[in-house]
């Protein structure tokens with residue numbers, strides 16, 4: 004399960020994969036909307052790990 | 248940019264600046280009922296009682312600085328896609344925070360640690376390693392504070408005020424309220440700051456494209472601009488792939504080693520406060536990406552500036568009414584005050600705990616520590632001010648780059664002990680020396696560039712130095728043998 008926290012590293016550091024202009028979305032070239040997309044995706048993945056391991060912890 | 252004073256903009260600017268000054272002084276009374284108000288925990292960590300929301304604002308407030316708002320768009324304006332490395336950087340930093348920082352918090356909370364130096368001393372019983380971590384923290388923070396002041400200087404100059412007096416006035420306000428309220432002042436002001444920044448940025452990223460014909464037009468204009476200039480592009484050149492990725496990764500690893508970010512983490516109420524923040528903080532990254540786009544919008548708006556740092560102020564001045572420009576500039580200036588305050592507190596904590604208490608007066612009380620820290624925080628800010636008044640700005644930017652490389656070398660000492668109990672202080676110290684010496688030497692020999700080529704691969708110099716650091720630690724550990732006895736923690 005912890006392994007999914009590594010996905011953003013692969014998705015964002017493997018630069019040749021997203022270094023292109025097309026397909027564009029709402030005027031944003033791929034390079035930009037692809038990286039922006041990782042913001043909610045990373046937050047969601049982190050939330051999944053949090054739910055799995057820490058929901059009932061202290062606080 | 249016009250050099251005459253715009254009175255509407257200036258009045259709005261001054262109004263908001265005064266507002267947060269009042270809040271800063273009021274902050275000392277906030278949330279502090281029933282506690283011993285003079286102890287270092289109170290002044291330097293706000294009593295360690297900040298819940299999820301306050302921590303969100305505080306971390307966001309000191310992580311996304313005026314320098315982000317000024318320098319990231321400036322870099323994007325100058326070089327295009329390459330300047331966007333801050334986007335992946337501020338995404339992957341949060342899984343790192345999620346995995347590491349709650350553990351570090353637990354160690355710090357259980358033993359009353361205030362700084363990274365405290366953690367390291369308790370883990371390895373090594374005064375030299377503690378000092379190494381503390382000195383690195385203070386050194387790496389100074390140019391960072393100086394750059395916040397540069398951010399303020401840029402907007403103050405854009406308002407038409409000349410000379411150093413306005414900057415000095417803003418600085419005195421910052422120094423005084425930090426002195427009296429400690430971490431509570433920036434934490435409270437961070438609310439106002441973030442609200443203002445969100446309003447400014449959301450307005451800008453909606454209104455500017457509307458004025459110039461949409462985002463497609465923005466990117467098109469930027470592409471044309473780079474073509475005309477003959478440098479920069481909307482995508483990366485193949486030679487930039489590894490520098491882009493390694494700058495993102497290296498910056499992410501370094502980010503929470505800085506005393507100011509660590510201070511915000513230690514001030515949290517619980518490990519789950521930190522974990523939840525790792526989930527919510529990416530909202531700021533969205534903001535950062537949109538701010539970076541301002542660099543492209545400048546092309547669409549036909550902005551011409553003499554120095555890239557003026558791009559954002561110039562964009563606001565040419566597209567918005569004066570009152571909104573004043574509001575935006577106030578947001579940027581206050582956005583510099585919050586991190587500058589937290590940075591000086593973090594550095595002052597390091598000095599007090601890991602130098603004053605360790606070498607000058609081991610018997611110092613908690614109240615005494617708070618007193619020393621308050622005075623040192625003033626001195627650190629004065630140093631930063633002197634820095635930008637007397638040293639050319641370009642030099643400060645280079646030192647900040649070096650600061651990132653330096654602070655990265657404390658990562659093995661601060662973090663590895665959480666996961667591996669077999670490392671010794673001597674091995675870590677040798678690694679720190681090797682990484683620091685190699686990195687500093689390389690950067691200077693290379694004409695102060697952020698990337699460097701090793702074995703045909705061009706990557707962030709800080710990462711190369713960290714790799715050497717880790718290799719030395721591992722080899723030294725194998726040679727030197729088992730870990731020295733760790734000391735019982737002291738508060």
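Chains as they are written, first to last, in our numbering: chain A, 4 to 62; chain B, 248 to 738. Backbone N, C-alpha and C fix where the C-beta goes; we use that ideal spot for every residue, glycine too.
{"query": "Three-state secondary structure (DSSP) of residue 707 of chain B", "result": "strand"}
{"query": "Residue-chain proximity (residue 6 of chain A, chain D), Cβ-Cβ < 9 Å", "result": "Annotation note: the requested chain D is absent from the structure, which comprises protein chains A and B."}
{"query": "Residues in the region 335-348 of chain B having any Cβ partner in chain A nearer than 7 Å", "result": "335, 338, 339, 341, 342, 345, 346"}
{"query": "Three-state secondary structure assigned by DSSP to residue 50 of chain A", "result": "helix"}
{"query": "Residues near residue 578 of chain B by beta carbon distance below 6 Å, same chain, minus five either side", "result": "443, 444, 447"}
{"query": "Of the listed residues B:361, B:543, B:335, B:409, nearest to residue 21 of chain A (C-alpha basis)", "result": "B:335"}
{"query": "Residue 529 of chain B: contacting residues in chain A (beta-carbon distance under 7 Å)", "result": "42, 45, 46"}
{"query": "Alpha-carbon to alpha-carbon, residue 514 of chain B and residue 302 of chain B", "result": "8 Å"}
{"query": "Residues of its chain near residue 384 of chain B, where Cβ-Cβ distance is below 6 Å and the 5 sequence neighbours each way are ignored", "result": "506, 597"}
{"query": "Helix, strand or coil at residue 484 of chain B according to DSSP, with G and I counted as helix", "result": "coil"}
{"query": "Chain-ordered residues of the region 528-551 of chain B with a beta carbon less than 7 Å from chain A", "result": "529, 532, 533, 536"}
{"query": "Contact under 9 Å by Cβ, residue 344 of chain B with residue 524 of chain B", "result": "yes"}
{"query": "Pairwise C-alpha distance: residue 5 of chain A and residue 253 of chain B", "result": "54 Å"}
{"query": "Environment of residue 436 of chain B [buried if 16+ CB atoms lie within 10 Å]", "result": "buried"}
{"query": "Contact under 9 Å by Cβ, residue 542 of chain B with residue 394 of chain B", "result": "no"}
{"query": "Contact belief for residue 392 of chain B with residue 631 of chain B at Cβ below 8 Å, rounded distance in angstroms", "result": "4 Å"}
{"query": "Supposed contact pair residue 617 of chain B and residue 287 of chain B - C-beta distance, whole angstroms, cut 8 Å", "result": "5 Å"}
{"query": "Opening and closing residue of the alpha helix (DSSP H) in which residue 507 of chain B lies", "result": "506-513"}
{"query": "Straight-line Cα distance separating residue 290 of chain B from residue 646 of chain B", "result": "29 Å"}
{"query": "Test item: CB-CB of residue 354 of chain B and residue 373 of chain B under 9 Å", "result": "no"}
{"query": "Helix, strand or coil at residue 284 of chain B according to DSSP, with G and I counted as helix", "result": "Residue placement at residue 284 of chain B is flagged as unreliable, the pLDDT there being 48, under the threshold of 50; the coordinate-derived value follows with that caveat. Residue 284 of chain B falls in the coil class under three-state DSSP."}
{"query": "C-alpha distance - residue 337 of chain B paired with residue 659 of chain B, whole-angstrom precision", "result": "21 Å"}
{"query": "Interface flag, residue 26 of chain A vs chain B, CB-CB below 9 Å", "result": "no"}
{"query": "Closer than 8 Å at the beta carbon, the chain A residues around residue 234 of chain B", "result": "The requested residue 234 of chain B does not occur in the structure, where chain B is confined to residues 248 to 738."}
{"query": "Within 9 Å of chain A by C-beta, residues of the region 505-531 of chain B in sequence order", "result": "516, 517, 518, 519, 520, 522, 523, 525, 526, 527, 528, 529, 530"}
{"query": "Cβ neighbour criterion (16 or more within 10 Å) applied to residue 557 of chain B", "result": "buried"}
{"query": "Length of the line joining the Cα atoms of residue 806 of chain B and residue 593 of chain B", "result": "There is simply no residue 806 of chain B to check, as chain B begins at 248 and stops at 738 in what is shown."}
{"query": "Endpoints, alpha helix (DSSP H) assigned at residue 698 of chain B", "result": "Premise fails: residue 698 of chain B lies in the beta strand (DSSP E), 698-701, not in any alpha helix (DSSP H)."}
{"query": "Cα-Cα separation, residue 661 of chain B to residue 363 of chain B", "result": "6 Å"}
{"query": "Range of the contiguous alpha helix (DSSP H) that encloses residue 686 of chain B", "result": "672-692"}
{"query": "Option nearest residue 432 of chain B by Cα separation, candidates B:299, B:454, B:269", "result": "B:269"}
{"query": "Any C-beta of chain A under 9 Å from that of residue 435 of chain B", "result": "no"}
{"query": "Burial state of residue 471 of chain B, where buried means 16 or more other Cβ atoms lie within 10 Å", "result": "exposed"}
{"query": "Exposed unless 16 or more other CB atoms sit within 10 angstroms - verdict on residue 478 of chain B", "result": "exposed"}
{"query": "Cross-chain neighbours of residue 488 of chain B in chain A, by beta carbon under 8 Å", "result": "18, 19, 22"}
{"query": "Nearest candidate by alpha-carbon position, reference residue 709 of chain B, set B:503, B:327, B:687, B:703", "result": "B:687"}
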